[in-house]
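To keep things clear, I will list the structure first and then write my remarks on it.
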Amino acid sequence: MSDTRPNFLIFVTDQQRADHLGCYGNTQVRTPHIDGIAARGTVFEQCYVASPACMPNRSAIMTGRMPGAAGARMNGVPLPLDSRTFADALREAGWRTALIGKSHLQNMTDVQPSWRQGAAADRPQARRDDRDSPAYEQESVVRWRDPDHAVRLPYYGFDHAELCLEHGDEVGGAYDRWLLDRCPEADTLRGPDHALPGGETMAPQAWRTALPEDLYPSAFVRDRAIDWLEDHAARGGQPFLLACSFPDPHHPFTPPGRYWDMYRPEDIVLPATCGPATPADTPLKRALHEELAAGRRRTAGSRVIAVTQDEARAAIALNYGAITCIDDMVGAILAKLDALDLARDTVVLFLSDHGDFMGDHGLLFKGPLHYRSVIRMPLIWADPQAGGGARRADLASAIDIGPTILARAGLAAPHGTQGRDLAPASIPAAPRASVLVEEEGHRPMPGSGLPKVRTLVTGRWRLSVHAFEEWGELYDLHDDPDESVNRWDDPAWAAVRAELTLDLVRAMARHADECPLPTRMA
Numbered sequence: 002m003s004d005t006r007p008n009f010l011i012f013v014t015d016q017q018r019a020d021h022l023g024c025y026g027n028t029q030v031r032t033p034h035i036d037g038i039a040a041r042g043t044v045f046e047q048c049y050v051a052s053p054a055c056m057p058n059r060s061a062i063m064t065g066r067m068p069g070a071a072g073a074r075m076n077g078v079p080l081p082l083d084s085r086t087f088a089d090a091l092r093e094a095g096w097r098t099a100l101i102g103k104s105h106l107q108n109m110t111d112v113q114p115s116w117r118q119g120a121a122a123d124r125p126q127a128r129r130d131d132r133d134s135p136a137y138e139q140e141s142v143v144r145w146r147d148p149d150h151a152v153r154l155p156y157y158g159f160d161h162a163e164l165c166l167e168h169g170d171e172v173g174g175a176y177d178r179w180l181l182d183r184c185p186e187a188d189t190l191r192g193p194d195h196a197l198p199g200g201e202t203m204a205p206q207a208w209r210t211a212l213p214e215d216l217y218p219s220a221f222v223r224d225r226a227i228d229w230l231e232d233h234a235a236r237g238g239q240p241f242l243l244a245c246s247f248p249d250p251h252h253p254f255t256p257p258g259r260y261w262d263m264y265r266p267e268d269i270v271l272p273a274t275c276g277p278a279t280p281a282d283t284p285l286k287r288a289l290h291e292e293l294a295a296g297r298r299r300t301a302g303s304r305v306i307a308v309t310q311d312e313a314r315a316a317i318a319l320n321y322g323a324i325t326c327i328d329d330m331v332g333a334i335l336a337k338l339d340a341l342d343l344a345r346d347t348v349v350l351f352l353s354d355h356g357d358f359m360g361d362h363g364l365l366f367k368g369p370l371h372y373r374s375v376i377r378m379p380l381i382w383a384d385p386q387a388g389g390g391a392r393r394a395d396l397a398s399a400i401d402i403g404p405t406i407l408a409r410a411g412l413a414a415p416h417g418t419q420g421r422d423l424a425p426a427s428i429p430a431a432p433r434a435s436v437l438v439e440e441e442g443h444r445p446m447p448g449s450g451l452p453k454v455r456t457l458v459t460g461r462w463r464l465s466v467h468a469f470e471e472w473g474e475l476y477d478l479h480d481d482p483d484e485s486v487n488r489w490d491d492p493a494w495a496a497v498r499a500e501l502t503l504d505l506v507r508a509m510a511r512h513a514d515e516c517p518l519p520t521r522m523a
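Numbering (this note's numbering), first residue to last: 2 to 523.
Structure (structure tokens):
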């Protein structure tokens, strides 16, 4: 008797805006293979992150829990190894599980966070924890310099894991070993010091890599995914979960070969809000633009920065190149899936961990201003047993992805899961009224301290409360979809602000952790 349980093939990109895809309405970037997934499936037009940063939102996707509940509230705080992920549940139920590419459920860098420079580092923590131990250094770039280092399997539910660490053409981990095996002189081909001539660009953190296309990290994900699928087809007998996680298009911007100049900056259509700050903008946005105007901007790292329009055009052009490169890799993997006669039994997902300002409001990268360019994420679900070409305008969250996969597999989500099944039959008559977004960070922002933000998104409004600031954000997404007029201090909208603030408190209460269960009455 054949196994009728579905396979799952998940494509994940890093820091990609939802509207940087053709199927989300972008007429400039070319993504025919991802658009093909959308044509065969369902596009979720209003899916939002649980947190607009890599580690917390990836943890939310894997666990179906908000970052605060999952125990990975910010970048720099690894997901506890005792977490139950949807990959764990599938593996325990008989699926083969594999991850090729970026995980980022643990720290990749050896850089100490800013809080360690203060008094907090000298005090014992309120909770005993071992997350500053070797068990949580499995994705460390430093550890991977040891040729004997490997992740301990299963890794968060994956019984096969080949990791990419960091971004651009300087990726480490299993990719680094694959690369050097094929090209021993590869270290002379990557990084800004070895960039090809003729790569002048206005984009921050960008260089024309000397790595050929077939040795670039996106090609590693393609090749190793294809190898794994061929091995699986030869074995047979089990359904599979394969996650293909690309480190691009996250900066630094280094799309290889023809993808570098595939798009011309002068042709790029900028976001409508790309420009300098105004007196009516939030103090943080004004401070970021003041850094740019005064020449005090620091472009290194991942902290949000203000950019000129020329810089934004150049960054978007390179971002599009990296995305089209990924699209070609996705096409090759899908072609192999079809050639192996696996496509008819495989649910295909495409998503990103979060967005990027990419010129929106004259900003670049990500940060604690929750414009939809950053908190909205692409989510496409293509099930061969369902119809295609559907578009869903109801609200969805990153925490819904795991429960939806498990429901399609016929498995119950663990107790404490906070997301829900997105299948149409599972949606109650009254759709989700709101989505909660959490953000905490250890990068001080100009003019303020460490960010701690809670956001509520409804079908019409976006409310953001900044814990340590007198100012906040309130936008009418119907009448002001570009989020250009902040109504926070407008007396005419005081009642709306009060109602949404109460709704935010209720949402935070609903997402309080219910795990573990009580063991006795008292």
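C-beta: ideal position from N, C-alpha, C; glycine also. None of these values were measured; they are calculated from a predicted model.
Exercise. Q47 by DSSP, collapsed to three states: which one?
Worked result: To locate residue 47, count along the sequence shown from 1; it is residue 46. Three-state result, Q47: strand.
Problem set entry | C165 - containing beta strand (DSSP E), residue span | Here residue 165 corresponds to residue number 164 of the sequence shown, with the count starting at 1. Its beta strand (DSSP E) spans residues H161 to L166.
Exercise. Any idea what DSSP makes of N8, helix, strand or coil?
Worked result: In the sequence shown, the residue the question calls residue 8 occupies position 7. Of the three classes helix, strand and coil, the one that applies to N8 here is strand, per DSSP.
Problem set entry | Distance, Y156 Cα to P379 Cα | For this step, residue 379 is matched to residue 378 along the sequence shown. For this step, residue 156 is matched to residue 155 along the sequence shown. If you take the alpha carbons of P379 and Y156, they lie about 25 Å apart.
Exercise. Counting along the chain, where does the beta strand (DSSP E) carrying E440 start and finish?
Worked result: Looking up residue 440 in the sequence shown gives position 439. Unbroken beta strand (DSSP E) run through E440: S435 to E441.
Exercise. Taking Cβ positions, are Q17 and I324 nearer each other than 8 Å?
Worked result: Within the sequence shown, the letter at position 16 stands for residue 17. Within the sequence shown, the letter at position 323 stands for residue 324. In this structure, I324 lies closer than 8 Å to Q17 by Cβ.
Problem set entry | Cα-Cα separation between G302 and G174, rounded to whole angstroms | Looking up residue 302 in the sequence shown gives position 301. Looking up residue 174 in the sequence shown gives position 173. Cα-Cα distance, rounded: 20 Å.
For this session: Decide yes or no for the touch test of the stretch 328-346 against the stretch 360-378: beta carbon pairs closer than 8 Å, at least 3 of them.
Result: no
Exercise. Given 8 Å as the limit, is there contact between the stretch 454-465 and the stretch 93-113, that is, 3 or more CB pairs closer than that?
Worked result: no
For this session: Could you tell me whether the stretch 258-276 touches the stretch 306-317, where touching means 3 or more Cβ pairs closer than 8 Å?
Result: yes
Problem set entry | 8 Å contact criterion, which A424 and A408 should meet: CB distance rounded | In the sequence shown, counting from the first residue as 1, residue 424 sits at position 423. In the sequence shown, counting from the first residue as 1, residue 408 sits at position 407. So it is a contact: roughly 6 Å between Cβ atoms.
For this session: May I ask you to list the residues that DSSP assigns as paired with T456?
Result: Start at 1 with the first residue of the sequence shown, and residue 456 comes out as number 455. The partner list for T456 (beta bridge, DSSP) reads V438 and S465.
Problem set entry | Per-residue burial, H251 [other beta carbons within 10 Å of its own, 16 or more giving buried] | As a working mapping, residue 251 is identified with position 250 in the sequence shown. Under this definition H251 is a buried residue.
For this session: State the CB to CB distance for the pair P360 and P272, rounded to an integer number of angstroms; the pair is presumed to be in contact (CB under 8 Å).
Result: Here residue 360 corresponds to residue number 359 of the sequence shown, with the count starting at 1. Here residue 272 corresponds to residue number 271 of the sequence shown, with the count starting at 1. Note that residue 360 is Gly in the sequence shown, not Pro. Yes, they are in contact, since the Cβ atoms of G360 and P272 sit about 5 Å apart, within 8 Å.
Exercise. Below 8 Å, can you find three or more Cβ-Cβ pairs linking the stretch 166-173 to the stretch 243-259?
Worked result: yes
For this session: Using beta-carbon positions only, say whether F351 and I35 come within less than 8 Å of one another.
Result: Stepping through the sequence shown from its first residue, residue 351 is reached at position 350. Stepping through the sequence shown from its first residue, residue 35 is reached at position 34. The answer is yes: Cβ separation under 8 Å.
Problem set entry | Endpoints, beta strand (DSSP E) assigned at S398 | As a working mapping, residue 398 is identified with position 397 in the sequence shown. Counting along the chain, the beta strand (DSSP E) containing S398 begins and ends at A391 to S398.
Problem set entry | Closer than 7 Å: G199 CB and nearest the ligand COA heavy atom | Because no ligand of any kind appears in the structure shown, any question about the ligand COA cannot be addressed here.
Problem set entry | Reduced DSSP secondary structure (H/G/I, E/B, other) of A207 | For the purposes of this step, residue 207 is identified with residue 206 of the sequence shown, where counting begins at 1. In this structure, A207 counts as strand in the three-state DSSP scheme.
Problem set entry | Three or more C-beta pairs below 8 Å linking the stretch 464-475 and the stretch 488-498 | yes
Exercise. DSSP state of W382, grouped into three classes?
Worked result: Sequence index remark: in the sequence shown, residue 382 carries index 381 (1-based). Three-state result, W382: strand.
For this session: Rank G356, C275, E163 and D228 by C-alpha distance to the C-alpha of A336 and give the top, closest one.
Result: Residue numbering aside, residue 336 sits at position 335 when the sequence shown is read from its first letter. The shortest Cα separation from A336 among G356, C275, E163 and D228 belongs to D228.
Problem set entry | Spatial distance of V44 from H21 (CA atoms) | By one-based count along the sequence shown, residue 44 stands at place 43. By one-based count along the sequence shown, residue 21 stands at place 20. Taking the straight line from one Cα to the other gives about 14 Å.
Exercise. In chain order, what residues of the same chain lie with their CB nearer than 6 Å to the CB of G448, ignoring the 5 residues before and after it?
Worked result: One-based indexing of the sequence shown puts residue 448 at position 447. So the qualifying residues of the chain are P284 and A288.
For this session: Using the Cα positions of T279 and E312, report the straight-line distance between them to the nearest angstrom.
Result: For the purposes of this step, residue 279 is taken as the residue at position 278 of the sequence shown. For the purposes of this step, residue 312 is taken as the residue at position 311 of the sequence shown. In a straight line, the C-alpha of T279 is about 19 Å away from that of E312.
For this session: Measure the CB-CB distance between S52 and L80 and report whether it falls below 8 Å.
Result: Position 51 of the sequence shown, counting from 1, holds the residue named residue 52. Position 79 of the sequence shown, counting from 1, holds the residue named residue 80. Not closer than 8 Å, so no.
Problem set entry | DSSP beta-bridge partners of P250 | As a working note, residue 250 is residue 249 in the sequence shown. Looking at the DSSP assignment, P250 forms a beta bridge with D15.
For this session: Using the Cα positions of A70 and R183, report the straight-line distance between them to the nearest angstrom.
Result: Start at 1 with the first residue of the sequence shown, and residue 70 comes out as number 69. Start at 1 with the first residue of the sequence shown, and residue 183 comes out as number 182. Answer to the nearest angstrom: the Cα atoms are 42 Å apart.
Exercise. At what residues does the beta strand (DSSP E) containing L475 begin and finish?
Worked result: Taking the first residue of the sequence shown as position 1, residue 475 is located at position 474. Per DSSP, L475 belongs to the beta strand (DSSP E) from G473 to D477.
Exercise. Since V375 is in the alpha helix (DSSP H), which residue starts that stretch and which ends it?
Worked result: By one-based count along the sequence shown, residue 375 stands at place 374. Residues R373 to I376.
Exercise. For Y137, which residues of its own chain have a beta-carbon under 8 Å away from its beta-carbon, when the five flanking residues on both sides are left out?
Worked result: For the purposes of this step, residue 137 is taken as the residue at position 136 of the sequence shown. Cβ neighbours of Y137 beyond the five flanking positions: P79, L82, Q107, N108 and D131.
Exercise. To which residues of the same chain is R31 closer than 6 Å at the C-beta, ignoring the five residues directly before and after it?
Worked result: For the purposes of this step, residue 31 is taken as the residue at position 30 of the sequence shown. Hits under 6 Å: T325.
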